[in-house]
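K.L.:
Pasting a structure below so you can have a look.
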Amino acid sequence: MTETVPVPMRKLMLLVGATSDIGHATALAYAQGGWDVILAARDAAAASRNAADLTARTGRPVPVLTLDITETTAFTAFVDGLPRLPDTVVSVVGLLGTQARAQSDLDDAALVMRSNFEGPSLLLGLFAERFAARGSGTLVGVSSVAGERGRASNYVYGAAKAGFTAFLSGLRNRLAASGIHVLTVKPGFVRTRMTAGMPLPKLLTAEPAEVGAAIFRGAEVSRRDVIYVRPVWVLVMAIIRAIPERVFKRLKL
Amino acid sequence: MSTDTQTIAGWGRYPRRVTRLIPVREEAAVAPLHRAETGLIARGNGRAYGDAALGDTTTLALGGLDRMIAFDPETGHLAVEAGVLLADIIDAFLPRGFFPAVVPGTRYVTVGGAIAADVHGKNHHGAGGFGAHVENLTLALPDGAVRTCGPDANADLFAATLGGMGLTGTILRATLRLRRVETGWIRQRTVAAADLDAAMQALEAANGSTYAVAWIDCLARGAARGRALVYRGEHATRADVADLAPDAPLNPPAGGGALAVPLDLPAFTLNRLSVGAFNALYYGRGRAGGNRETLVGWAPYFFPLDGIRDWNRIYGARGFLQHQCVIPKARSRAALAEILDRVAHAAPSFLAVLKLLGPGGGVMSFPLEGYTLTLDFPASPANLALLDSLDTIVRAAGGRLYLAKDARQSRDTFEAGYGDAAARFRALRRDLGATDRIASGLSRRLAL
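Encoded structure:
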């Protein structure tokens, strides 16, 4: 019941996309698991609120770095500028966008694709190189069930997530023998506290804290390859993938 | 910002009200909403039983303001946003040797809600209410101004906000003083009391204990009327744990939420027979093990019902009513006897808790020096009538009802109980321009 004695070299997790609710829950799971945490976000001021929360809860300092996931040319300098190479990098970056806008506005569609696919893939790919050189490390990418089949309601976002999922899968395949662990996370519906009482299907909807805990467990304890957070999604997506295209194209999902 | 009109209710699931529900993600979003909207109230985790957190037209859902801001381990001062739960504070700080200075019967309340209701705990006789341990708080006022207040700054606004049921403005953040504890265990002594007089004497005798509360068998009649188990508790030191349970960890796990009430139970589940049988067993077990010291983990000690998720559903879909009154000490004995007689003959109460309170904190805070009795009943026309008859006893004895639990008291009962305080509160609301701009089901019902 005393303040924890500082350990000289704690494990370090870098969270990319630190203003999201899932990101914050993930950072909290790591911090409570005894890890040091660095936050990176485009809006560093907003991420500071989360850093203060982590520091208040754990008594540990949490640095905040600015990183725009679409500024890919800045990635190498960003990685070189880190105080030390993290043990784990978690990317929860994502941009849902609006399908109606993305299907008619090329710039908007490009931004959705770059934010969900190009940026996260290039950044995790860069860390993969550094991890391979070191011979250890864990990469976590939060992708989406939307990437498993293109649907009229969100196929621009879904296509970008499909690309990210494939990238992570390839990375895992390439690095499996070298001890680098790659985890793909497909959270499904997630309820935040501020949406309490809103109509999301209860069985399919996870709490952010549940997602954060699942990521920490899947990445650092059970070392899973792909997790859905709520197991029922395995079944739901198996059904959705199995529907023949000639039927699927007429469905409204 | 997404908004949505829907039907919401408090923890008792009675009454229900249609309101716009606006989720709030950040503190800065609140002041503009105050400027733009009228008839709104803040809602935390929805644990007020009745209509206190149902907006007259609009409800601000503040659960998203759930970040902690800063902690000073030297002083135990913790600054948090208003939507942080006491459960979060316990999770983070009990392992570091700190505990909230006051906790109510559930840890799933927000800090903002705990201040707005000036909740009390089993230590009220010594520690005062939740508000007595608030260093300062920041409030968004009806005109959109944001002001910080505390015992030494804007003290009138602070006093009106403690127990003010969110009607002075929306609490955005607060700094609390946590208490130091050595372990997560409570050293508990159970005293069996054979009747009401014995129960009241045991609570008086427990005045030197940090925590003291009595469970009453409200179905016991005649000579056994008011028979009770009185629980006294102290935070266990490391030495206590080494002595009483040498192998136990210093911080026991919560272990809560394991059981859940999966659906609304049929309304007949809780009846005189089942409650009577439970009470007889419970009292017998308590008396048999009585007057021995035991170690109880913090979760079952402070929050026994938190162990059963969604326990409010045991009352079925019709919802339930909680009746919590406080009677000034000089008149407690007669009024409590009358209430227990009335309840024993009319309807079983699953929960019956008796506690001796100290003086109140804020303008509208519920506590006054006297005994508080808490009862709950399924919502039904017969029980609404029963509660009205209990109110008559409370009023005659100079008592009042707890607004955080209330869903149905009449304006007359309220005026009788809160009289001068209510007048001062209304005047302050007028001066703030809050009268119609900040309004809940409760404020409309009681013309606050």
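Here the protein sequences line up with chains Z and P, keeping their order. Just so we're aligned, residue 19 is where the first sequence starts under the numbering used here, counting upward by one. Just so we're aligned, residue 6 is where the second sequence starts under the numbering used here, counting upward by one. Each residue gets a CB set at the ideal place from its N, CA and C atoms; glycine is no exception.
Would you please verify whether the beta carbon of Glu-31/P is less than 9 Å from any beta carbon of chain Z?
P.N.:
By one-based count along the second sequence, residue 31/P stands at place 26. Answer yes: the Cβ-Cβ gap between Glu-31/P and chain Z drops below 9 Å somewhere.
K.L.:
Roughly how far, in whole angstroms, is the beta-carbon of Phe-182/Z from the beta-carbon of Leu-144/Z, given that I think they are within contact range, below 8 Å?
P.N.:
As a position in the first sequence, residue 182/Z is number 164, starting the count at 1. As a position in the first sequence, residue 144/Z is number 126, starting the count at 1. Not a contact, Cβ separation roughly 15 Å.
K.L.:
Between Val-301/P and the rest of its own chain, which residues show a CB-CB distance below 6 Å, the 5 nearest in sequence each way excluded?
P.N.:
Translated into positions along the second sequence, residue 301/P becomes position 296. Ile-191 and Gln-193.
K.L.:
Of all Cβ atoms in chain P, is any one closer than 9 Å to the Cβ of Met-212/Z?
P.N.:
Taking the first residue of the first sequence as 1, we reach residue 212/Z at position 194. Reliability fails at Met-212/Z, whose pLDDT of 48 lies under 50, so the model's placement of it is uncertain and the value that follows must be treated cautiously. Chain P contact via Cβ: present.
K.L.:
Here's the rule I'm using: 16 or more other beta-carbon atoms within 10 Å means buried, otherwise exposed. How should Lys-270/Z be labelled?
P.N.:
In the first sequence, the residue the question calls residue 270/Z occupies position 252. So Lys-270/Z counts as exposed.
K.L.:
Is the beta carbon of Gly-15/P less than 9 Å from the beta carbon of Ala-47/P?
P.N.:
In the second sequence, the residue the question calls residue 15/P occupies position 10. In the second sequence, the residue the question calls residue 47/P occupies position 42. Contact flag unset, no.
K.L.:
Considering only the beta carbon of each residue, do Pro-147/P and Gly-438/P sit closer than 9 Å?
P.N.:
Stepping through the second sequence from its first residue, residue 147/P is reached at position 142. Stepping through the second sequence from its first residue, residue 438/P is reached at position 433. Taking 9 Å as the Cβ cut-off, Pro-147/P and Gly-438/P qualify as a contacting pair.
K.L.:
Leaving out five residues on either side along the sequence, give the residues of the same chain with a beta carbon under 8 Å from the beta carbon of Arg-347/P.
P.N.:
Residue mapping note: residue 347/P aligns to position 342 of the second sequence, counting from 1. Contacts found: Leu-391, Ser-394, Leu-395 and Ile-398.
K.L.:
If we ignore side chains and look at the alpha-carbon of each, how far apart do Pro-37/P and Ser-448/P end up?
P.N.:
Residue 37/P sits at position 32 when you count from the first residue of the second sequence. Residue 448/P sits at position 443 when you count from the first residue of the second sequence. Each residue's alpha carbon lies about 22 Å from the other.
K.L.:
So within the region 107-166 of chain P, which uninterrupted beta strand (DSSP E) runs reach at least 3 residues, ignoring any that extend past its ends?
P.N.:
Correct list: 139-145 and 151-154.
K.L.:
Quick one: which chain Z residues come within Cβ less than 8 Å of Pro-251/P?
P.N.:
Numbered from 1 along the second sequence, position 246 holds the residue referred to as residue 251/P. The premise fails here: Pro-251/P is roughly 16 Å from chain Z at the closest Cβ pair, so nothing lies under 8 Å.
K.L.:
Under the three-state reduction of DSSP, which class applies to Lys-270/Z: helix, strand or coil?
P.N.:
Start at 1 with the first residue of the first sequence, and residue 270/Z comes out as number 252. It is coil, neither helix nor strand.
K.L.:
By Cβ distance, which residues of its chain are closer than 6 Å to Gly-155/Z, with the 5 residues on each side in sequence left out?
P.N.:
Position 137 of the first sequence holds residue 155/Z. So the qualifying residues of the chain are Phe-149 and Ile-198.
K.L.:
So, are the CB atoms of Leu-451/P and Val-368/P less than 9 Å apart?
P.N.:
On the second sequence, residue 451/P is found 446 positions in, with the first residue counted as 1. On the second sequence, residue 368/P is found 363 positions in, with the first residue counted as 1. Taking 9 Å as the Cβ cut-off, Leu-451/P and Val-368/P do not qualify as a contacting pair.
K.L.:
Taking Cβ positions only, does Arg-182/P come closer than 9 Å to chain Z?
P.N.:
Taking the first residue of the second sequence as 1, we reach residue 182/P at position 177. False, the Cβ-Cβ gap to chain Z never drops below 9 Å.
K.L.:
Quick check: what's the CA-CA separation for Arg-338/P versus Asp-161/P?
P.N.:
Along the second sequence, one-based indexing puts residue 338/P at 333. Along the second sequence, one-based indexing puts residue 161/P at 156. If I take the Cα positions, the gap works out to 35 Å.
K.L.:
So, at 6 Å on beta carbons, what are the nonlocal neighbours of Thr-10/P in its own chain, with the 5 sequence-adjacent residues on each side left out?
P.N.:
Translated into positions along the second sequence, residue 10/P becomes position 5. Hits under 6 Å: Arg-25.
K.L.:
Taking the Cβ atom as the reference point for each residue, do Tyr-175/Z and Ser-162/Z lie within a distance shorter than 9 Å?
P.N.:
As a first step, residue 175/Z is located in the first sequence; it is residue number 157 there, counting from the start. As a first step, residue 162/Z is located in the first sequence; it is residue number 144 there, counting from the start. Against a cut-off of 9 Å, the Cβ pair of Ser-162/Z and Tyr-175/Z comes out as a contact.
K.L.:
Taking just the CA atoms, how far does Ala-36/Z sit from Ala-137/P?
P.N.:
Here residue 137/P is taken as the residue at index 132 of the second sequence, counted from 1. Here residue 36/Z is taken as the residue at index 18 of the first sequence, counted from 1. Distance between the alpha carbons of Ala-137/P and Ala-36/Z is about 36 Å.
K.L.:
For Ser-122/Z, name the three-state secondary structure that DSSP assigns.
P.N.:
Translated into the one-based positions of the first sequence, residue 122/Z becomes position 104. Reduced to three states, the DSSP call for Ser-122/Z is coil.
K.L.:
Can you find the residues in the same chain that come closer than 6 Å, C-beta to C-beta, to Ala-227/Z, ignoring five residues on each side of it along the sequence?
P.N.:
Against the first sequence, residue 227/Z aligns to sequence position 209. Ala-43, listed in sequence order.
K.L.:
Of the choices Ala-87/P, Tyr-287/P and Glu-209/P, whose alpha-carbon is the least far from that of Tyr-113/P?
P.N.:
Counting from 1 along the second sequence, the entry for residue 113/P is found at position 108. The option with the nearest alpha carbon to Tyr-113/P is Ala-87/P.
K.L.:
By alpha-carbon positions, which one of Gly-213/P, Gln-206/P, Ala-204/P and Thr-153/P ends up nearest to His-130/P?
P.N.:
Mapped onto the second sequence, residue 130/P falls at position 125. Answer by Cα proximity: Gly-213/P.
K.L.:
So, at 6 Å on beta carbons, what are the nonlocal neighbours of Leu-124/Z in its own chain, with the 5 sequence-adjacent residues on each side left out?
P.N.:
On the first sequence, position 106 is the one that residue 124/Z refers to. None.
K.L.:
Kindly indicate if chain Z contains any beta-carbon less than 9 Å away from that of Leu-83/P.
P.N.:
Stepping through the second sequence from its first residue, residue 83/P is reached at position 78. So yes, Leu-83/P belongs to the interface.
K.L.:
Along the beta strand (DSSP E) that carries Ala-357/P, what are the first and last residues, could you check?
P.N.:
Within the second sequence, the letter at position 352 stands for residue 357/P. Here the beta strand (DSSP E) through Ala-357/P covers 357-362.
K.L.:
Would Leu-264/P pass as an interface residue toward chain Z - the criterion being a Cβ-Cβ separation below 9 Å?
P.N.:
For this step, residue 264/P is matched to residue 259 along the second sequence. Any reading at Leu-264/P must be qualified, since the residue scores a pLDDT of 45, below 50, and its modelled position is unreliable; no value is offered.
K.L.:
Exposed or buried, which one is Pro-254/P when buried takes at least 16 other CB atoms within 10 Å?
P.N.:
Position 249 of the second sequence holds residue 254/P. Per the 10 Å Cβ criterion, exposed.
K.L.:
Taking its Cβ as the centre, do 16 or more other Cβ atoms sit within 10 Å of Met-27/Z, making it buried, or is it exposed?
P.N.:
Numbered from 1 along the first sequence, position 9 holds the residue referred to as residue 27/Z. Classification of Met-27/Z: exposed, given that the 10 Å Cβ count is below 16.
K.L.:
Work out the CA separation of Ala-62/Z and Ala-357/P for me, nearest whole Å.
P.N.:
Here residue 357/P corresponds to residue number 352 of the second sequence, with the count starting at 1. Here residue 62/Z corresponds to residue number 44 of the first sequence, with the count starting at 1. About 51 Å.
K.L.:
For the region 50-69 of chain Z, enumerate the residues whose C-beta is nearer than 9 Å to any C-beta of chain P, in chain order.
P.N.:
Correct list: Gln-50, Ala-64, Arg-67 and Asn-68.
K.L.:
Kindly indicate the opening and closing residues of the alpha helix (DSSP H) around Met-205/P.
P.N.:
The count along the second sequence starts at 1 and reaches residue 205/P at position 200. Here the alpha helix (DSSP H) through Met-205/P covers 201-210.
K.L.:
Rounded to whole angstroms, what's the CA-CA distance from Phe-325/P to Thr-166/P? Just pull it up for me.
P.N.:
By one-based count along the second sequence, residue 325/P stands at place 320. By one-based count along the second sequence, residue 166/P stands at place 161. When rounded, the distance between both Cα atoms is 27 Å.
K.L.:
Judging by CA-CA distance, which residue of Val-23/P, Asn-256/P, Gly-365/P and Leu-224/P is the nearest neighbour of Val-331/P?
P.N.:
Numbered from 1 along the second sequence, position 326 holds the residue referred to as residue 331/P. Minimum Cα distance to Val-331/P is reached at Gly-365/P.
K.L.:
What's the gap between the Cα of Ala-272/P and the Cα of Tyr-320/P?
P.N.:
Numbered from its first residue, the second sequence carries residue 272/P at position 267. Numbered from its first residue, the second sequence carries residue 320/P at position 315. Since pLDDT at Ala-272/P reaches only 46, below the 50 mark, its modelled position is unreliable, and no value is offered.
K.L.:
Note the first and the last residue of the continuous beta strand (DSSP E) segment covering Ile-261/Z.
P.N.:
In the first sequence, residue 261/Z corresponds to position 243, counting from 1. No beta strand (DSSP E) holds Ile-261/Z; DSSP gives it neither H nor E.
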